[in-house]
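Reading the sequence shown from the start, the letters are residues 324 to 846 in my numbering.
Think of the CB as a built atom: it goes at the ideal place given N, C-alpha and C, for glycine as much as any other residue.
Remember, it's a predicted structure, so these values are computed and weren't measured experimentally.
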Amino acid sequence: MEAEKTSSGRGGGRRGRGGAGGAAARRASRSGSGPGEQQFYIRRKVAEYEVLDEEGLALIEANAETVLEEIGIEFRDDAEALALWRDAGADVKGERVHFPKGLCRSLLKTAPEVFTQHARNPERSVQIGGKATVFAPVYGPPFVRDLNGERRYATIQDFENFVKLAYLAPSMHHSGGTVCEPVDIPVNKRHLDMVYAHMRLSDKPFMGSVTAPERAQDTVDMCKILFGEDYVDQNCVVVNLINANSPMVFDDTMLGAAKVYARNNQACIVSPFILSGAMSPVTVVGTLTQILAEVLAGAAFTQLVRPGAPVLFGTFAASISMQSGAPTFGTPEPSLVSYGAAQLARRLGLPFRTGGSLCGSKVPDAQAAHESGATLNMTLLAGTNFALHSAGWLEGGLVSSYEKFMIDVDQLGMMQRFAEGVDLSQDAQAMDAIREVGPGSHYLGCSHTQAHFQTAFYRSPLADNNSFEQWQLEGEKRIENRANELCRSWLESYQAPALDEGINDGLRDFIRHKKEAMPDAFT
Numbered sequence: 324m325e326a327e328k329t330s331s332g333r334g335g336g337r338r339g340r341g342g343a344g345g346a347a348a349r350r351a352s353r354s355g356s357g358p359g360e361q362q363f364y365i366r367r368k369v370a371e372y373e374v375l376d377e378e379g380l381a382l383i384e385a386n387a388e389t390v391l392e393e394i395g396i397e398f399r400d401d402a403e404a405l406a407l408w409r410d411a412g413a414d415v416k417g418e419r420v421h422f423p424k425g426l427c428r429s430l431l432k433t434a435p436e437v438f439t440q441h442a443r444n445p446e447r448s449v450q451i452g453g454k455a456t457v458f459a460p461v462y463g464p465p466f467v468r469d470l471n472g473e474r475r476y477a478t479i480q481d482f483e484n485f486v487k488l489a490y491l492a493p494s495m496h497h498s499g500g501t502v503c504e505p506v507d508i509p510v511n512k513r514h515l516d517m518v519y520a521h522m523r524l525s526d527k528p529f530m531g532s533v534t535a536p537e538r539a540q541d542t543v544d545m546c547k548i549l550f551g552e553d554y555v556d557q558n559c560v561v562v563n564l565i566n567a568n569s570p571m572v573f574d575d576t577m578l579g580a581a582k583v584y585a586r587n588n589q590a591c592i593v594s595p596f597i598l599s600g601a602m603s604p605v606t607v608v609g610t611l612t613q614i615l616a617e618v619l620a621g622a623a624f625t626q627l628v629r630p631g632a633p634v635l636f637g638t639f640a641a642s643i644s645m646q647s648g649a650p651t652f653g654t655p656e657p658s659l660v661s662y663g664a665a666q667l668a669r670r671l672g673l674p675f676r677t678g679g680s681l682c683g684s685k686v687p688d689a690q691a692a693h694e695s696g697a698t699l700n701m702t703l704l705a706g707t708n709f710a711l712h713s714a715g716w717l718e719g720g721l722v723s724s725y726e727k728f729m730i731d732v733d734q735l736g737m738m739q740r741f742a743e744g745v746d747l748s749q750d751a752q753a754m755d756a757i758r759e760v761g762p763g764s765h766y767l768g769c770s771h772t773q774a775h776f777q778t779a780f781y782r783s784p785l786a787d788n789n790s791f792e793q794w795q796l797e798g799e800k801r802i803e804n805r806a807n808e809l810c811r812s813w814l815e816s817y818q819a820p821a822l823d824e825g826i827n828d829g830l831r832d833f834i835r836h837k838k839e840a841m842p843d844a845f846t
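This is the structure we're talking about:
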């Protein structure tokens, strides 16, 4: 399903980025990185990697139904949610809901298998589901590691910088959500500044606030200013992260936000947050059973609120060190969990979210690279539709790193190229080149190579492939040094995309009135 043209162009405008033309843009386009020509969301032409056969999938599905029926899921501090389940035929005992076998699956028949999240620039709208993959940046860290090497609490300026970087990155298809937590703004007001930054500083799709139901409602109301009230009611314009409080609990904060978004026809990612061994069993199959049960209950709940509201099967899976209890990343077991969860999502007919560029390292070093590489490769091969934390993640999600963001974006460009698969066209078969060169010669000067040398291979803007002597002459820079320089140049070249002044004024007035109506709160 291609992104549709919308009538919300009053909030749009052309891209208007610095460096959008000329040789710089052509180089960026060839390399797949840099603030050059933007790339569409990925349409995967490679097969999904599957780790479970039919017997294994059926076993997990049966076990999950047993969990739902016999153990149940708690829906805490939300009488409305309990009433909805009771009316749907579930057995509600206190806050524990027990589900007859097949109830959740039956409710999910109304959920779309594929949908479009519309951006204010229709060219940036994304498909979620099917063979599409959408990369979104890091989400949630309270700290940043800045361009001076300091680890500190994040500010709204950092937040805006990461929005700008995501906007400029060609292989980043989405602006994300809480790219870092701006602690210099009161807790009860910062969501307004964050949502506005996504709307004003980028024209890519974005995520909304879920930290309280009223903040979710503010997000929806701001979307109505940006897109129009009727348009929002009939189209998905914001995606939102609804975490299960694993094991097997949904709290009133998440339920309240889910109800707001589902009622307004906006997408929820129902995503158990799993640290295996602490929040789920230590085994892959046990973890998958719990994940499926939690997703079935949470996703089906959105359909009780509004049948047809878009919802994603999400999971965040990591293991823990059984010595320290710290989360670990890039290890085999979470990859097996994510591969299996992707298969379960496809069988359920829901878009799938997992993965990203995850690591436990404190700096963008070799540990960060190999852990992130292992997670990102799995993310693509699993057939993930929405990949959160695709760039910038450090220290187990506590830190958003500028340098790591740039390194990860380079890897996303490689993944985008890999996902194109093998070109079997007449030109790609290169038979004329093979005939021209013949035995014993080389292909460097043949006409086919000359016609394709600029675009034949992905060209990294960060990797150093020169000689040792050349590297020495250029200052012996490590990749994080080069990433630092590239990041600074991107931020210096940034130009905001056009936004209708009437809409911008409406958003600022909304924010001002909301902030004036409540005192500051820092908890």
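Considering only their Cβ atoms, is the gap separating residue j from residue i smaller than 8 angstroms?
{"i": "R571", "j": "A616", "result": "In the sequence on display, residue 571 carries Met and not Arg. Contact: yes."}
{"i": "F833", "j": "I383", "result": "no"}
{"i": "L405", "j": "V415", "result": "yes"}
{"i": "V486", "j": "H521", "result": "yes"}
{"i": "R676", "j": "L699", "result": "no"}
{"i": "S713", "j": "G663", "result": "no"}
{"i": "S532", "j": "V555", "result": "no"}
{"i": "P650", "j": "L735", "result": "no"}
{"i": "L673", "j": "A434", "result": "yes"}
{"i": "T610", "j": "A640", "result": "yes"}
{"i": "P464", "j": "W813", "result": "no"}
Would you mind giving the Cβ-Cβ distance between residue i and residue j, rounded to the nearest angstrom? I have them listed as a contact below 8 angstroms.
{"i": "A580", "j": "P536", "result": "6 angstroms"}
{"i": "S661", "j": "M701", "result": "6 angstroms"}
{"i": "L564", "j": "Y490", "result": "With a Cβ gap of about 20 angstroms, L564 and Y490 do not count as contacting."}
{"i": "D401", "j": "L619", "result": "With a Cβ gap of about 18 angstroms, D401 and L619 do not count as contacting."}
{"i": "C559", "j": "Q440", "result": "5 angstroms"}
{"i": "E360", "j": "P509", "result": "Not a contact, Cβ separation roughly 39 angstroms."}
{"i": "P604", "j": "A567", "result": "Not a contact, Cβ separation roughly 15 angstroms."}
{"i": "R670", "j": "L380", "result": "6 angstroms"}
{"i": "M602", "j": "S569", "result": "4 angstroms"}
{"i": "E694", "j": "G720", "result": "About 12 angstroms separates the two Cβ atoms, so there is no contact after all."}
Among the residues of its own chain, which have a CB less than 6 angstroms from the CB of residue i, if the five just before and after it don't count?
{"i": "E718", "result": "K685"}
{"i": "L667", "result": "L615"}
{"i": "L391", "result": "F422 and A616"}
{"i": "A346", "result": "In this prediction, A346 scores a pLDDT of 43, lower than 50, which makes its location untrustworthy; no coordinate-derived value is stated."}
{"i": "E388", "result": "K424"}
{"i": "G304", "result": "Since the first residue of the chain shown is 324 and the last is 846, residue 304 is not available in this structure."}
{"i": "I386", "result": "Per the sequence shown, the amino acid found at residue 386 is Asn instead of Ile. For N386, where only same-chain residues beyond five positions count, the Cβ hits under 6 angstroms are T612."}
{"i": "G761", "result": "none"}
{"i": "V608", "result": "none"}
{"i": "A665", "result": "F675, A705 and G706"}
By Cβ distance, which residues of its chain are closer than 8 angstroms to residue i, with the 5 residues on each side in sequence left out?
{"i": "V628", "result": "L407, A581, K582, A585 and R586"}
{"i": "D481", "result": "V467, D469, C503, P505 and S723"}
{"i": "A590", "result": "F438, Q440, I451, C559, V561, V562, N563, Y584, A632, P633, V634 and L635"}
{"i": "K690", "result": "Sequence inspection shows Gln at residue 690; the Lys mentioned does not correspond to that position. Only C682, G683 and S684 meet the Cβ criterion."}
{"i": "D575", "result": "R399, D400 and D401"}
{"i": "R409", "result": "V415"}
{"i": "L830", "result": "Y519, M522, R523, M545, I548 and L549"}
{"i": "A779", "result": "T772"}
Among the residues of its own chain, which have a CB less than 7 angstroms from the CB of residue i, if the five just before and after it don't count?
{"i": "G412", "result": "P423 and L426"}
{"i": "R474", "result": "F466, R468 and V722"}
{"i": "M841", "result": "N511"}
{"i": "K837", "result": "L515 and D541"}
{"i": "L809", "result": "M729, P784 and L785"}
{"i": "M754", "result": "none"}
Taking the DSSP output, what are the residues bridged to residue i?
{"i": "F675", "result": "F636"}
{"i": "V722", "result": "F466 and L717"}
{"i": "C559", "result": "Q440"}
{"i": "A755", "result": "Strictly speaking, residue 755 in this sequence is Asp, with Ala absent from that position. DSSP, once it has assigned bridges, lists no residue as partnering D755."}
{"i": "A567", "result": "P595"}
{"i": "E397", "result": "R419 and V572"}
{"i": "F709", "result": "V457 and R676"}
{"i": "T651", "result": "S642"}
{"i": "Y766", "result": "Looking at the DSSP assignment, Y766 forms no beta bridge with any residue, so it has no partner."}
{"i": "S603", "result": "S599"}
{"i": "Y476", "result": "F466"}
{"i": "F780", "result": "None, per the DSSP bridge assignment."}
{"i": "V449", "result": "Q440"}
{"i": "A590", "result": "V562"}
{"i": "I730", "result": "Its beta-bridge partners do not exist; DSSP assigns none."}
Tell me whether residue i, by its Cβ, gets closer than 7 angstroms to a heavy atom of the ligand PLP.
{"i": "S812", "result": "What this structure holds is no ligand at all, so the ligand PLP is not there to describe."}
Is there contact here, the segment 737-751 with the segment 821-831, by at least three beta-carbon pairs under 8 angstroms? no
Three or more C-beta pairs under 8 angstroms: does that hold for the segment 758-774 against the segment 724-734? no
Is the segment 519-526 touching the segment 455-467, taking contact as three or more C-beta pairs under 8 angstroms? no
Indicate whether the contact test is met: 3 or more Cβ pairs, each with one atom in the segment 698-717 and one in the segment 362-378, closer than 8 angstroms. yes
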